[in-house]
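These notes concern the structure reproduced below.
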Amino acid sequence: MSQSSLPPPEARRRAEVLRSQLKHHAYLYHVLDDPQIPDGAYDALFHELRGLEETWPQLATADSPTRRVGGHPLAAFAPAAHLDPMLSLKNAFGPGDVADFDRQVREGLGIEGEMDYLAGPKLDGLAIALLYRQGVLVRAATRGDGQQGEEVTAQVSTIRTVPTVLQGDDIPSLLEVRGEVCMLRAAFEAFNRQAREREEKTFANPRNAAAGSLRQLDWRVTAQRPLVLFCHGLGKVEGELPEGQHRVMERMRAWGLPICPRQEVVKGVEGCLAFHARLLADRDLLEYEVDGAVYKVDRLADRERLGARIREPRWAVAHKFPPREAITTVRDIEIQVGRTGALTPVARLEPVVVGGVTVSNATLHNFQELNRKGVQPGDRVAVRRAGDVIPEVVGVVEALSVRVPMAVPTRCPVCGAAVEQPAGEVVARCTGGLVCPAQRREAIRHFASRRALDIEGLGDKLVDSLLNSGLIDTVADLYRLKERRSELAALERMADKSADNLIEALERSRSLPLHRFLFALGVREVGEATARNLADHFRQLSAIEEAGRGELEGVPDVGPKVAAHIEAFFRSPENRAVVERLKAVSRHWQQAEPVVDSSARPLAGRTVVVTGTLQTMTRQQAKVRLEGLGARVSGSVSKRTAFVVAGENPGSKKTTAEVLGVRVVTEAELLRMIGSPEG
Ligand code: IVH
Numbered sequence: 007m008s009q010s011s012l013p014p015p016e017a018r019r020r021a022e023v024l025r026s027q028l029k030h031h032a033y034l035y036h037v038l039d040d041p042q043i044p045d046g047a048y049d050a051l052f053h054e055l056r057g058l059e060e061t062w063p064q065l066a067t068a069d070s071p072t073r074r075v076g077g078h079p080l081a082a083f084a085p086a087a088h089l090d091p092m093l094s095l096k097n098a099f100g101p102g103d104v105a106d107f108d109r110q111v112r113e114g115l116g117i118e119g120e121m122d123y124l125a126g127p128k129l130d131g132l133a134i135a136l137l138y139r140q141g142v143l144v145r146a147a148t149r150g151d152g153q154q155g156e157e158v159t160a161q162v163s164t165i166r167t168v169p170t171v172l173q174g175d176d177i178p179s180l181l182e183v184r185g186e187v188c189m190l191r192a193a194f195e196a197f198n199r200q201a202r203e204r205e206e207k208t209f210a211n212p213r214n215a216a217a218g219s220l221r222q223l224d225w226r227v228t229a230q231r232p233l234v235l236f237c238h239g240l241g242k243v244e245g246e247l248p249e250g251q252h253r254v255m256e257r258m259r260a261w262g263l264p265i266c267p268r269q270e271v272v273k274g275v276e277g278c279l280a281f282h283a284r285l286l287a288d289r290d291l292l293e294y295e296v297d298g299a300v301y302k303v304d305r306l307a308d309r310e311r312l313g314a315r316i317r318e319p320r321w322a323v324a325h326k327f328p329p330r331e332a333i334t335t336v337r338d339i340e341i342q343v344g345r346t347g348a349l350t351p352v353a354r355l356e357p358v359v360v361g362g363v364t365v366s367n368a369t370l371h372n373f374q375e376l377n378r379k380g381v382q383p384g385d386r387v388a389v390r391r392a393g394d395v396i397p398e399v400v401g402v403v404e405a406l407s408v409r410v411p412m413a414v415p416t417r418c419p420v421c422g423a424a425v426e427q428p429a430g431e432v433v434a435r436c437t438g439g440l441v442c443p444a445q446r447r448e449a450i451r452h453f454a455s456r457r458a459l460d461i462e463g464l465g466d467k468l469v470d471s472l473l474n475s476g477l478i479d480t481v482a483d484l485y486r487l488k489e490r491r492s493e494l495a496a497l498e499r500m501a502d503k504s505a506d507n508l509i510e511a512l513e514r515s516r517s518l519p520l521h522r523f524l525f526a527l528g529v530r531e532v533g534e535a536t537a538r539n540l541a542d543h544f545r546q547l548s549a550i551e552e553a554g555r556g557e558l559e560g561v562p563d564v565g566p567k568v569a570a571h572i573e574a575f576f577r578s579p580e581n582r583a584v585v586e587r588l589k590a591v592s593r594h595w596q597q598a599e600p601v602v603d604s605s606a607r608p609l610a611g612r613t614v615v616v617t618g619t620l621q622t623m624t625r626q627q628a629k630v631r632l633e634g635l636g637a638r639v640s641g642s643v644s645k646r647t648a649f650v651v652a653g654e655n656p657g658s659k660k661t662t663a664e665v666l667g668v669r670v671v672t673e674a675e676l677l678r679m680i681g682s683p684e685g
């Protein structure tokens, strides 16, 4: 199609539709922090419009979303004009796009050889500009439309890692720092879990959580949200700067600014693609949400020569990851009964690929959540899958019919027992206990799971056929399978070899220690950490069985609620019968792991994380010493972490710990705990 030909009416109409849809969705996204379509769907509309406007430039209107950067600021915040416009980034969706970018850069500069790029993660948060005058934070602003944003100084000042005064003496008199406000993934999940429990609005993704938390007129609300800031560049500067961006970043770090992690200088397209592959492989391990890699020409003089287009600089590109969200149709909504009887509405979906994995079921969490989102069979919905988190329905994109709320059933859909939902709780539960086939099945699956008794070969399908054939009824029956070996081998998909393997795995499981057995029993709210604490404290199964609530509450992590669950579990006649039969086949289940010398293993059962640079030893040496004291040393912080040892430049693990309320200790405190490195 030649550029001069007139646009056909369909193209004109389509462009209008696209423009109005894009404006609507940009408003939902940027202003209300409540997107209703995934980012990928927005990008697709945007691309279609840009394609039409490129083919027929006459179609492009002055207010087209392709010429704008973001959304309008909310009237209630004070407007803040940026000293330099806050631009957007052009997207690259594959190696071809990256190669095009690199070629345009080299052509623009007249360079034959390989370029140096500063590669880093594209953080999925809210863009922020911090203005420092004489090293003092005078203003923080959101991006807004790129020219003018909203003043959020009070809100940003509540983020603990943001310095209000910069350190050092080579600080430019005026410095505009650009960065991203993010909510760490663990904090985002925790926030949504709590919001669901309180029947409050959940956020669709960490980006919206960050945006919604920062754009609170009352900064005290912001202060309660676990936000972090990562700086990735500078806007206007009055003063001297080093030549390469990576040197600028080092300088920024020295001033005390929290710098975007994982930035490195790479060479040419190959370097960029290798960086992308490494980052993508680590995506689910990162503590913050990343939706791609950003490559920026490192030399500042080259950036200046390349300049910018309307929305985006020519010297940078965002190489996107596969989206975490997709749109699909709900085939049906079913109710699943979990191990503890919790009823969970689950959407059965037209299979759809999300982040590289095919998803055909997604949780709706509970009935309140289901009805708040108003999901019904036939609806088009957005589905989100992030790493090992269970896929969830984010919201309805296109509703099929009138909304009819779905009532909580009064009877369990599996066993017909009464369903109860105590006042103030969002979870409805089947009261059938182990009489309920669904609870029984989930209890057996849990018992056999890897972190429980690790019974290899006892997968979900086999559990079902063992139950259906009547070979087992409870977990205790598993240990009688060796007497019924021929019946076991005759089951569908089984053979002599697999039957022998299963019997062997069952034999092995008898030798695991008390904490694994306790966890395997599946007492409500007794996770791995609590099971370990109980085993460490009581040492014998019989002591736990007999313990009263008061005594149970003396164990770390065990509050009144958990104590009541433990007591109730061991008082139940059905459970007692199963536990007695298990005791009869137990080898080590009834005792905690032997302690060589309890004073020498003060950290037994505790998980510790070491981060940053230590002065008196390497991290590896610290690990060996901590393990010698019984600790498990892990690479990532969770709320189960006992404490985090933070050296110099600790980075985001320390932040995560602070956000999750996990204790952070200095190297000096660690030395006091473990003695001197030589000792
Ligand atoms: S550099 C000229 N680096 O993505 C724009 N931006 O889509 C230079 N973003 O507004 C931006 N991570 O808020 C840059 N490592 C990173 C980033 C990043 C996230 C945001 C930024 C920008 C938006 C553009």
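Quick note, in my numbering, the sequence shown goes up one by one and the last residue is 685.
We treat Cβ as the ideally placed atom computed from N, Cα and C, and that holds for glycine.
Computed from a predicted model, the values in this text were never measured in an experiment.
Please work out which residues of its chain come closer than 6 Å, Cβ to Cβ, to residue 166, disregarding the five sequence neighbours upstream and downstream, and give them in chain order.
Residue mapping note: residue 166 aligns to position 160 of the sequence shown, counting from 1. Cβ within range, chain order: n/a, list empty.
Tell me whether residue 628 sits in a helix, a strand or coil according to DSSP, three-state version.
Along the sequence shown, read from residue 1 onward, the residue named residue 628 stands at position 622. Residue 628 falls in the helix class under three-state DSSP.
Mind checking whether residue 180 and residue 221 have CB atoms under 8 Å apart?
Residue 180 sits at position 174 when you count from the first residue of the sequence shown. Residue 221 sits at position 215 when you count from the first residue of the sequence shown. It is not a contact, given that the beta carbons lie outside the stated cut-off.
Per the DSSP calculation, residue 314 is bridged to which residue(s)?
What you label residue 314 is simply residue 308 of the sequence shown in a count that begins at 1. DSSP, once it has assigned bridges, lists 319 as partnering residue 314.
Measure the C-alpha to C-alpha separation of residue 549 and residue 515 and round it to an integer number of angstroms.
As a position in the sequence shown, residue 549 is number 543, starting the count at 1. As a position in the sequence shown, residue 515 is number 509, starting the count at 1. Their backbone Cα atoms lie some 22 Å apart in a straight line.
So residue 587 is in the alpha helix (DSSP H); what residue range does that whole segment cover?
Numbered from 1 along the sequence shown, position 581 holds the residue referred to as residue 587. Start and end: 579-591.
Does the stretch 256-267 come close enough to the stretch 167-175 to have 3 or more Cβ pairs within less than 8 Å?
yes
I'd like to confirm the pairing. Which residues does DSSP put opposite residue 141 in its beta bridges?
Here residue 141 refers to the residue found at position 135 when the sequence shown is read from its first residue. None; residue 141 has no bridge partner.
According to DSSP, is residue 43 part of a helix, a strand, or is it coil?
Taking the sequence shown and counting its residues from 1, one reaches residue 43 at position 37. DSSP places residue 43 in coil when its eight states are reduced to three.
Does chain D have any CB closer than 8 Å to the CB of residue 395?
The structure shown has no chain D; it contains just one protein chain.
If I follow the unbroken alpha helix (DSSP H) through residue 680, where does it start and stop?
To locate residue 680, count along the sequence shown from 1; it is residue 674. Residues 673-680.
What's the C-alpha gap between residue 500 and residue 528?
Indexing the sequence shown from 1 puts residue 500 at position 494. Indexing the sequence shown from 1 puts residue 528 at position 522. Rounded to whole angstroms, residue 500 to residue 528 spans 27 Å at the Cα level.
Cα-Cα separation between residue 320 and residue 90, rounded to whole angstroms:
Taking the first residue of the sequence shown as 1, we reach residue 320 at position 314. Taking the first residue of the sequence shown as 1, we reach residue 90 at position 84. C-alpha separation (whole angstroms): 16 Å.
Unbroken stretches of the beta strand (DSSP E), 3 residues or longer, contained in the stretch 222-253:
233-244
Nearest to residue 183 (by Cα), restricted to the options 254, 161, 206 and 205:
The residue you call residue 183 lines up with position 177 of the sequence shown. For residue 183, the nearest C-alpha among the options comes from 254.
Would you mind stating whether residue 449 and residue 420 have Cβ atoms separated by less than 8 Å?
If you number the sequence shown from 1, residue 449 lands on position 443. If you number the sequence shown from 1, residue 420 lands on position 414. In this structure, residue 420 does not lie closer than 8 Å to residue 449 by Cβ.
Which partner residues does residue 335 have in the DSSP bridge list?
On the sequence shown, residue 335 is found 329 positions in, with the first residue counted as 1. Looking at the DSSP assignment, residue 335 forms a beta bridge with 386.
Taking one C-beta from the stretch 620-639 and one from the stretch 224-233 each time, how about it: are there three or more such pairs within less than 8 Å?
no
Taking 8 Å as the threshold (C-beta atoms), are residue 324 and residue 360 in contact?
Position 354 of the sequence shown holds residue 360. Position 318 of the sequence shown holds residue 324. Going by C-beta atoms, residue 360 is not nearer than 8 Å to residue 324.
To which residues does DSSP link residue 96 through a beta bridge?
Indexing the sequence shown from 1 puts residue 96 at position 90. According to DSSP, residue 96 bridges with 323.
Rounding to the nearest angstrom, what Cα-Cα distance links residue 375 and residue 540 in this structure?
Taking the sequence shown and counting its residues from 1, one reaches residue 375 at position 369. Taking the sequence shown and counting its residues from 1, one reaches residue 540 at position 534. Spanning the two alpha carbons is a distance of roughly 34 Å.
Residue 292 in three-state terms, based on DSSP
For the purposes of this step, residue 292 is taken as residue 286 along the sequence shown, with counting starting at 1. Residue 292: coil per DSSP, three-state reduction.
Three-state secondary structure assigned by DSSP to residue 19
Taking the sequence shown and counting its residues from 1, the one referred to as residue 19 is at position 13. Correct three-state label for residue 19: helix.
Got a sec? Which residues, its chain only, sit under 6 Å from residue 193 by beta carbon, not counting five neighbours each side?
Counting from one through the sequence shown, the residue named residue 193 turns up at place 187. Result list for residue 193: 232 and 665, in chain order.
Stretch pair the stretch 271-285 + the stretch 120-127: three plus CB contacts closer than 8 Å:
yes
For the candidate residues 127, 147 and 579, whose alpha-carbon lies nearest to that of residue 136?
The residue you call residue 136 lines up with position 130 of the sequence shown. Ranking 127, 147 and 579 by Cα distance to residue 136 puts 147 first.
Are residue 13 and residue 65 touching if we call contact CB-CB under 8 Å?
Against the sequence shown, residue 13 aligns to sequence position 7. Against the sequence shown, residue 65 aligns to sequence position 59. In this structure, residue 65 lies closer than 8 Å to residue 13 by Cβ.
Residue closest to residue 27, alpha-carbon to alpha-carbon, out of 46, 52 and 40
On the sequence shown, residue 27 is found 21 positions in, with the first residue counted as 1. For residue 27, the nearest C-alpha among the options comes from 52.
As assigned by DSSP and simplified to three states, the class of residue 64:
In the sequence shown, counting from the first residue as 1, residue 64 sits at position 58. If DSSP states are grouped into helix, strand and coil, residue 64 belongs with the helices.
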